[in-house]
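A.B. asks: This is the structure, below, for whatever I ask next.
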Amino acid sequence: MNKPLSGKTAIVTGSSSGIGYATASTLAQAGAAVVIHARRKDRLDELASEIAAQGGKVLAVGGDASIQVDIDVLVDRALSWDEGGCKVDIVVVNAGRGLAGGILDSEESLWPEIYQVNVLGAAHLMRRAGQYMVQRKSGDIVVIGSVVGRNISPFSGFYGSSKSAICAIAEGLRREVCTHKVRVSLVMPGIVLSGFQNVAGYDEENFGKGIAQFGKMLEPQAIADGIFWLLTLPPHVNVNEITIRPTGQSYP
Ligand SMILES: NC(=O)c1ccc[n+]([C@@H]2O[C@H](COP(=O)([O-])OP(=O)(O)OC[C@H]3O[C@@H](n4cnc5c(N)ncnc54)[C@H](OP(=O)(O)O)[C@@H]3O)[C@@H](O)[C@H]2O)c1
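Heads up, the sequence shown is in my numbering, so the first residue is 15 and it goes up one at a time.
Printed below as a string of structure tokens:
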């Protein structure tokens, strides 16, 4: 049976957990051959087994999304993967991490790592994908930003600045590639319960109490569903940006 993404090959970074895991799984169910990427290879292997058990095509590539050489290896492996047709149609630039606290009180020793993965690594992957897709005259680049990239909050100011930068880079890239039939879509999630909170250093005191009035938080699947929707629109329709929040999240 023909599925909506049959014949497409997608790279999804940060697919060992949360939004990336749900997205890779959703795109595979929709018929795409998926190339999954993260540092925790054991978790990628679990996801690869799940996808393969459902009859999907999957290639797991372990690596660090903040290191240029690893990103180049990822793209090169995808482009030489026979089962995926030695091509890439979709790149979901998702790998990233948060950091609890504002400019005054976040852990400054982690600032370089935040920019290395959320901005520089992401931008390198966007550049590789953009250069390749412009030549092919087709493709989709989906970039995961954040509501705190648009609404800088005093609770996550440094992390928010990294997402603000990637929002700007996504729009710059869109303007460069759109006349070559390449779509760039920025997805800005609100609060999604995932591995994110633990990695960022959020706990009941600095997070749980603040969001208690927002009601039910999002699951990663809500973001995966949004990504699936924008990828399956007609090729001449590019949803440039979407914000997906829990209904009760008033700010940010
Ligand atoms: N959760 C939220 O509330 C929220 C809101 C707005 C935006 N976002 C954004 O959504 C994206 C996904 O986050 P999530 O909520 O799904 O968090 P998550 O569950 O912690 O997943 C993060 C993923 O990124 C990968 N990753 C992180 N650093 C990496 C590195 N240096 N190299 C390779 N992979 C790396 C992790 O894999 P390994 O650790 O195995 O490498 C993991 O697969 C991030 O860009 C985040 O900033 C999240």
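The beta carbon of each residue, even a glycine, is placed where N, CA and C say it ideally should be.
Select from Ala-114, Asn-212, Glu-122 and Glu-218 the residue whose C-alpha is nearest the C-alpha of Ser-7.
C.D. replies: Because the chain spans 15 through 266 in this model, residue 7 falls outside it and cannot be assessed.
A.B. asks: Can you give the Cα-Cα distance for Val-196 and Ala-184, rounded to whole angstroms?
C.D. replies: 12 Å
A.B. asks: Where does Met-231 sit, in a helix, a strand or coil, going by DSSP?
C.D. replies: coil
A.B. asks: Since I believe Ile-155 is in contact with Val-107 (beta carbons under 8 Å), could you give me their beta-carbon distance rounded to a whole number of angstroms?
C.D. replies: 7 Å
A.B. asks: May I ask you to list the residues that DSSP assigns as paired with Arg-197?
C.D. replies: Asp-154
A.B. asks: What is the DSSP secondary structure of Val-253, counted as helix, strand or coil?
C.D. replies: The DSSP-derived three-state label of Val-253 is coil.
A.B. asks: Does the distance from the CB of Val-49 to the CB of Ala-79 come in under 9 Å?
C.D. replies: no
A.B. asks: What separation, rounded to the nearest whole angstrom, lies between the Cα atoms of Ile-180 and Gly-69?
C.D. replies: 35 Å
A.B. asks: With DSSP run on the structure shown, which of helix, strand or coil describes Gly-76?
C.D. replies: strand
A.B. asks: Please determine if the stretch 129-137 and the stretch 227-236 are in contact, where contact requires at least 3 C-beta pairs separated by less than 8 Å.
C.D. replies: no
A.B. asks: Answer with buried or exposed for Tyr-216, where buried requires no fewer than 16 other C-beta atoms within 10 angstroms of its C-beta.
C.D. replies: buried
A.B. asks: Relative to the alpha-carbon of Val-105, which residue among Asp-96, Ile-117, Ala-137 and Gly-112 has its alpha-carbon at the smallest distance?
C.D. replies: Ala-137
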